[in-house]
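Residue numbers (my numbering): 2 to 236.
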């Protein structure tokens, strides 16, 4: 999938440069953007908290490591392009990836029917993001414009079984924008996203479960890298 995204982006750059070497997108006005690509979510380290008064038959895990496979990202945004190479934008993004491997940390008996695993390898890790973005474009005489950007907003991260949490999110991005005809442009970019600490359930420090296997889950920071191709229309 990654190879297809890179080849598609390169083909659009070549076509746009050859067909329209001197035309550039209007610099002042609103625009709409839509894009898709591949995502690479980092591992999540989760710690568990159990009922301290429970008598365990087996030693429960103290946590688990969750590894994700290569996933899919899609985004839509409304923005404004200023005449001085500055853009501002409101963006929604969806990201999903299959959970590849879940590795318990500490004591664990895989045959125990009461063993608890908030994430398992049959589910998907999903994220919904809303960002306020700021970009700086290096405008030049060619149809290819390098840019960098940053954004801050909120994230809602969850899995198929229902565990989910909202978190503060921030991102950095960089790429190339290629001007095409009729005020269209194509963006090929790299994005890095990170959230603050996720928590699936109550705070472990304030949690008193009613049974031995009702752990509170204190999570890790969600982070991912993505490569995305977007189509942008200026108005």
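A virtual CB, placed ideally from N, CA and C, is assigned to each residue, including glycine.
Cut-off 7 Å between Cβ atoms - residues of its own chain near residue i, not counting five sequence neighbours on either side
i           : result
residue 27  : Any reading at residue 27 needs caution, since the residue's pLDDT is 47, under 50, leaving its predicted position unreliable; the model's value is listed next. Hits under 7 Å: 184, 235.
residue 173 : 151, 193
residue 186 : 26, 178, 179, 180, 233
residue 82  : 28, 29, 30, 32, 88, 235
Beta-carbon spacing of residue i, residue j below 8 Å
i           : j           : result
residue 92  : residue 78  : yes
residue 223 : residue 128 : yes
residue 130 : residue 182 : no
residue 44  : residue 68  : yes
Beta-carbon proximity list for residue i, same chain, < 8 Å, skipping 5 on both sides
i           : result
residue 63  : 48, 49, 106, 107, 108
residue 165 : 157, 158, 159, 201
Helix, strand or coil at residue i [DSSP, three-state]
i           : result
residue 65  : strand
residue 228 : strand
residue 22  : The predicted position of residue 22 is uncertain, since its pLDDT is 39 and thus under 50; no value can be drawn from it.
residue 190 : strand
Anticipated Cβ contact below 8 Å, residue i with residue j, distance rounded
i           : j           : result
residue 80  : residue 88  : 6 Å
residue 66  : residue 97  : About 20 Å; that fails the 8 Å criterion.
residue 170 : residue 154 : 6 Å
residue 38  : residue 227 : 6 Å
Cut-off 6 Å between Cβ atoms - residues of its own chain near residue i, not counting five sequence neighbours on either side
i           : result
residue 168 : 156, 196, 197, 199
residue 90  : 78, 80, 134
Counted within 10 angstroms of its Cβ, other Cβ atoms place residue i as buried (16 or more) or exposed
i           : result
residue 134 : buried
residue 147 : exposed
residue 35  : exposed
residue 231 : buried
residue 138 : buried
residue 188 : buried
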